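I have placed the structure first, in the form of structure tokens, so that the comments after it can refer back to it.
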Amino acid sequence: MKYLIISDIHGNYIALKEVLKEAEKYGWDEVLILGDIVGYYPYPNEVVKEVRKLLNGNKLYKDAIIRGNHDKVCSGIEEGYTFNNNAYRSAMWTKEFLRPKNRKFLYELPKGPKRINDLITICHGSPMDEDYYILYEQDAFASFYSVETQFCFFGHTHIPGLFELDTQSGNFSYFIPKDTSLFKLNMDEKYKYLINPGSVGQPRDYNPKAAFVIFDSDSGVLLFKRTKYNIDSVMRKVQKDNLPIFLAERLKSGV
Ligand SMILES: [Fe+2]
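Spelled out as structure tokens, the structure:
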């Protein structure tokens with residue numbers, strides 16, 4: 002089975018469309034979506050519509066998606082008091098601008114972690130806590146021991162990366178992917194993997210290109226891929242809709 006794995010779209014429809022176009026070249030069977038569908042960028046209804054379309058073509062359907070912290074605030078589950086000013090302003094804008102059926106869709110998204118099958122778990126932040134950030138080795142180490150499946154895909158940090166643990170020797174590795182990086186993962190169960198595909202809508206690794214992953218669970222081949230999209234048009238729409246200008250500018254530098 003080939004999985005397309007995407008995370009942190011954040012209402013950036015232009016980036017999402019480009020990711021789907023690029024992913025089509027490699028082919029995939031099922032999509033897995035790791036939360037933060039909306040928040041920050043000005044196309045929340047278009048993104049929710051596209052996500053629903055993707056899920057409708059999926060055998061897993063709603064089992065293939067989980068909510069993120071921005072989805073909770075934008076749909077009214079949480080107030081967003083922990084958000085910084087820019088995140089809060091855009092979340093309130095999104096909440097108001099979302100069509101009721103789209104807000105309901107986000108409100109009803111399942112909480113992670115979610116076990117997809119015997120091989121794969123998905124979560125937004127960490128398998129320990131949907132809002133926890135896996136940034137450093139110690140975060141990953143703790144997370145490895147709270148997930149049962151060999152592979153766990155996570156998002157939330159907007160930074161693509163691959164953690165590998167040999168559970169017998171305790172050897173631990175971290176890999177930072179390039180614009181195109183292919184890894185052949187070891188399917189021996191003694192190895193466990195935590196994989197962050199990066200962010201579609203707001204990368205934060207100083208690379209402005211939209212990020213996604215394709216994972217072949219039969220062969221263990223994992224592709225990290227980045228793709229260019231029309232950032233200027235998103236920036237213009239951010240300005241037009243009076244969203245914080247900082248949100249537009251950070252897209253250019255990928256932070
Ligand atoms: Fe996010």
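Each residue of the sequence shown is one higher than the one before, starting from 2 at the first, in the numbering used here.
Heads up, the beta-carbon is just placed ideally off N, CA and C, and yes, glycines get one too.
Computed from a prediction, not measured in an experiment: that's the story for all the values here.
Suppose you measure from the CA of residue i to the CA of residue j; what does that come to, to the nearest Å?
| i | j | result |
| --- | --- | --- |
| isoleucine 263 | methionine 236 | Since the first and last residues shown for the chain are 2 and 256, residue 263 lies out of range. |
| arginine 100 | histidine 11 | 16 Å |
| glycine 126 | glutamine 240 | 30 Å |
| leucine 163 | leucine 248 | 27 Å |
| glycine 81 | glutamate 109 | 17 Å |
| lysine 73 | asparagine 86 | 17 Å |
| serine 220 | valine 256 | 33 Å |
| lysine 238 | arginine 116 | 37 Å |
| asparagine 197 | asparagine 46 | 25 Å |
| asparagine 172 | lysine 226 | 26 Å |
| isoleucine 215 | glycine 77 | 32 Å |
| asparagine 208 | lysine 179 | 10 Å |
| glutamate 165 | serine 200 | 20 Å |
| aspartate 206 | lysine 18 | 21 Å |
| aspartate 30 | tyrosine 62 | 12 Å |
| isoleucine 34 | glutamate 79 | 21 Å |
| leucine 195 | alanine 143 | 11 Å |
| phenylalanine 154 | asparagine 59 | 18 Å |
| lysine 185 | asparagine 118 | 20 Å |
| lysine 96 | lysine 191 | 44 Å |
| methionine 93 | proline 43 | 12 Å |
| valine 222 | tyrosine 137 | 24 Å |
Is the separation between the beta-carbon of residue i and that of residue j shorter than 8 Å?
| i | j | result |
| --- | --- | --- |
| serine 91 | tyrosine 41 | yes |
| tyrosine 27 | leucine 244 | no |
| alanine 24 | leucine 55 | no |
| alanine 16 | tyrosine 146 | no |
| cysteine 75 | valine 39 | yes |
| alanine 141 | valine 20 | no |
| glycine 156 | aspartate 37 | yes |
| aspartate 132 | asparagine 70 | yes |
| isoleucine 135 | threonine 158 | yes |
Just confirm the distance between the C-beta atoms of residue i and residue j, as a whole number of angstroms; I'd bet it's less than 8 Å.
| i | j | result |
| --- | --- | --- |
| proline 114 | proline 128 | 4 Å |
| valine 148 | threonine 122 | 5 Å |
| phenylalanine 152 | leucine 120 | 6 Å |
Around the Cβ of residue i, are there at least 16 other Cβ atoms within 10 angstroms (buried) or fewer (exposed)?
| i | result |
| --- | --- |
| asparagine 57 | exposed |
| lysine 193 | buried |
| isoleucine 67 | buried |
| lysine 105 | exposed |
| asparagine 103 | buried |
| glutamine 169 | exposed |
| threonine 83 | exposed |
| isoleucine 177 | exposed |
| serine 8 | buried |
Could you pull the DSSP bridge partners for residue i from this structure?
| i | result |
| --- | --- |
| serine 174 | Glu165 |
| glutamate 138 | According to DSSP, glutamate 138 bridges with nothing at all. |
| alanine 211 | Thr228 |
| phenylalanine 154 | Ile123, Ile196 |
| tyrosine 4 | Glu31, Phe216 |
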